[in-house]
Amino acid sequence: MQTFASQGALALERARLAKAESRARVLEESDRLKSAILSSVSHELRTPLSTIKAAASSLRSNEVSWDTPARSELIAAIDDEADHLNMLVGNLLDMSRIESGVLKPKREWNILIEIIESVLARMKHLAGGHRIEVDVPESLPFAPVDYAQMEQVFTNLLSNSIKYAPGGTVIRLRAFEEGDSIHVVVSNQGPPVPQEHLERIFDKFFRLTETDRVTGTGLGLSICKGIIEAHGGRLWAENLPNGFAFNFTFPLIWEGVSPSQNADGYRGRMTNAPHILVIDDEPQIQRAIRTILTEKGFHVTTASRGEEGLTLAAANEPDIVILDLGLPDMDGVEVCTRLREWTQCPIIILSVRDSERDKVGALDKGADDYLTKPFGIEELLARVRVALRHSANTRGSHSSRVIHAGELTIDLAWHSVRRGGEEVKLTATEYKLLAYLAANHDRVLTHQSILTNVWDPADADHTEYLRVYMRQLRKKLEVDPESPQVIITEPGIGYRFVADD
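Counting along the sequence shown from 1, when you hit position 266 you're at 266 in the working numbering, and nothing is skipped either side.
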């Protein structure tokens with residue numbers, strides 16, 4: 001009996017020691033990870049902070065009188081490094097969410113090429129001379145993925161390829177169906193990774209030596225791996241004969257439903273859900289708005305530049321546009337003006353500009369509402385709901401973007417005019433005049449109204465302008481300019497554009 005008791009005591013002591021040893025290993029690993037975090041983050045944060053500090057100190061210095069280009073360069077440096085800091089902090093937060101299991105995909109059936117095109121549009125100015133070739137078949141099934149998380153994966157993998165591949169080389173992105181999965185390959189002509197490091201490049205804070213590759217925080221690829229694995233997939237890297245490639249796969253079947261079983265439901269949901277286009281060049285604002293609105297049942301697309309937003313609006317005809325004024329390629333007011341040439345969908349301005357002049361200017365150009373940054377998300381949602389109600393009440397009076405009149409087809413969104421299938425060449429003023437008439441088809445427009453909207457309020461009495469341009473338009477558009485059937489004169493009043501029923 002005493003022997004059994006002794007053996008039991010020994011067993012308990014061994015268990016206690018094993019538990020203590022395990023706890024010590026956990027603490028040791030935790031300390032190692034903390035050291036790695038501090039080492040990596042302190043170095044990576046100091047670099048942009050040093051740049052910001054140096055640029056800000058230079059601007060504040062009274063010893064130098066900076067000219068406008070020099071000031072702009074210093075301010076741009078501060079802006080760029082602040083964005084870099086924001087990315088670093090965002091990566092740390094994402095990594096902590098992955099580690100704690102909080103970062104769970106909010107899956108929906110999405111079209112993969114739409115996600116890819118959204119990423120490419122935002123990265124256009126970051127490509128650094130690389131040409132990005134995309135090969136995604138139209139027959140690729142719907143993908144059950146979290147739109148925002150998958151955007152992050154594509155952004156990180158493409159950014160990595162741009163960073164390490166020689167300038168001017170081609171980066172290729174392919175996606176194809178492989179059994180019950182989708183397989184994506186992002187390849188580049190960059191240097192190979194040593195074989196022993198191919199698996200480790202996805203580890204947290206792992207960085208190759210500077211002689212192998214450019215160093216970084218070592219978080220981007222680890223985040224990609226966490227996202228793909230959360231989708232039930234796998235991410236790996238491989239060396240190619242003439243380059244390097246990332247591969248990832250994820251399953252097509254989600255909650256027992258395949259893409260073919262869900263296609264009709266997906267299309268129905270995408271069709272019925274209000275579509276909101278967000279045009280804003282700040283990625284964090286885009287992500288916040290997309291996440292909140294998607295959770296509320298809206299279909300959201302995003303653009304970072306004005307031209308990109310106009311193209312998406314013409315292609316998708318959104319129910320609401322949320323628009324920033326400070327875009328990199330054009331002022332948001334110009335975007336608003338161009339949208340109003342063909343659509344009456346509500347436009348909500350979201351801008352840091354808070355002066356009365358800016359607000360009045362945007363509203364005068366066709367915006368329906370104005371919200372200043374920083375904003376409360378509940379207030380934005382309230383404005384969106386109000387805009388949708390107003391849109392529903394007035395939808396019947398909205399002009400169509402495509403107007404047909406006999407042999408004429410006018411696409412107001414694409415600025416296209418065709419007669420009998422042939423493109424009609426118009427001057428800028430001729431098109432502006434035609435667009436105003438067509439957008440208000442079957443309504444009598446006074447001379448003064450046309451002159452004010454097409455030219456300028458100061459020209460409201462110059463009806464000779466109108467007669468000259470109307471004569472030119474009829475020559476190009478009417479079958480018989482002497483007996484017009486499309487642009488009708490209302491004697492003593494103005495003109496009326498007659499569209500097909």
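Don't be surprised by glycine CBs; every beta carbon is placed ideally from N, CA and C.
- Take the alpha-carbon of Leu473 and the one of Thr446: they are about 17 Å apart.
- Beta bridge pairing from DSSP links Leu173 with Val134 and Val186.
- Here Phe298 has Ala273, Pro274 and Ile276 as same chain residues with Cβ atoms under 7 Å from its own Cβ, once five neighbours each way along the sequence are excluded.
- Beta bridge pairing from DSSP links Thr302 with Val278.
- Here Thr155 is buried: its Cβ has 16 or more other Cβ atoms, across all protein chains shown, within 10 Å.
- With 16 or more other Cβ atoms inside 10 Å of its own Cβ, Arg122 counts as buried.
- DSSP lists Ala143 as the bridge partner or partners of Asn110.
- DSSP, read as helix, strand or coil, puts Gly361 in helix.
- Going by beta carbons, Asp319 and Ala405 fall outside the 8 Å limit.
- Taking C-beta atoms as the reference points, Asn188 and Phe244 count as a pair closer than 8 Å.
- As computed with DSSP, Asn247 is found in a beta bridge with Val185 and Trp236.
- In the DSSP assignment, Leu323 falls within the beta strand (DSSP E) that extends over Ile320 to Leu323.
- By the beta-carbon neighbour count (other beta carbons within 10 angstroms, threshold 16), Val352 is exposed.
- Judged by DSSP in its simplified three-state form, Leu408 adopts strand.
- By the Cβ-count criterion, Leu126 is exposed, with fewer than 16 other Cβ atoms from all chains shown falling within 10 Å of its own Cβ.
- Val335 sits away from Gly361, with the two beta carbons spaced by 8 Å or more.
- Bridge pairing for Thr446: Gly494 [DSSP].
- For Thr372, the enclosing beta strand (DSSP E) has its first and last residue at Asp369 to Thr372.
- Spanning the alpha carbons of Ser483 and Leu310 requires a straight line of approximately 37 Å.
- Ranking Asp480, Val278 and Ile349 by CA distance to the CA of Lys365 puts Ile349 first.
- Separation of the CB atoms of Thr301 and Gln286 is rounded to 10 Å, and the pair is thereby denied contact status at 8 Å.
- A contact between stretches requires three or more CB pairs, one per stretch, nearer than 8 Å, and the stretch 159-179 meets this requirement with the stretch 133-142.
- As computed with DSSP, Ser159 is found in no beta bridge at all.
- Taking a C-beta distance under 8 Å as the contact criterion, Val498 and Asp442 qualify as a contact pair.
- In the three-state DSSP reduction, Gly220 falls in the helix class (H, G or I).
- Residues of the same chain with a CB within less than 6 Å of the CB of Asp135, apart from the 5 flanking positions on each side, are Arg174 in chain order.
- Judged by DSSP in its simplified three-state form, Gly309 adopts helix.
- Assignment of beta-bridge partners to Arg419 by DSSP yields Leu408 and Glu422.
- Comparing alpha carbon positions, the residue from Pro69, Glu108 and Leu408 closest to His231 is Glu108.
- Under the 10 Å beta carbon count, Val444 is surrounded by fewer than 16 other beta carbons and is classified as exposed.
- Listed in chain order, the non-local C-beta contacts of Ile322 below 6 Å within the same chain comprise Val278, Ile348 and Leu350, local neighbours out to five positions each way being set aside.
- The DSSP-derived three-state label of Glu229 is helix.
- Ala70 is classed as exposed because its beta carbon has fewer than 16 other beta carbons within 10 Å across all chains shown.
- With respect to Trp342, Ala237 sits apart: the two C-beta atoms are not nearer than 8 Å.
- Counting the other Cβ atoms within 10 Å of the Cβ of Val479 gives fewer than 16, which makes it exposed.
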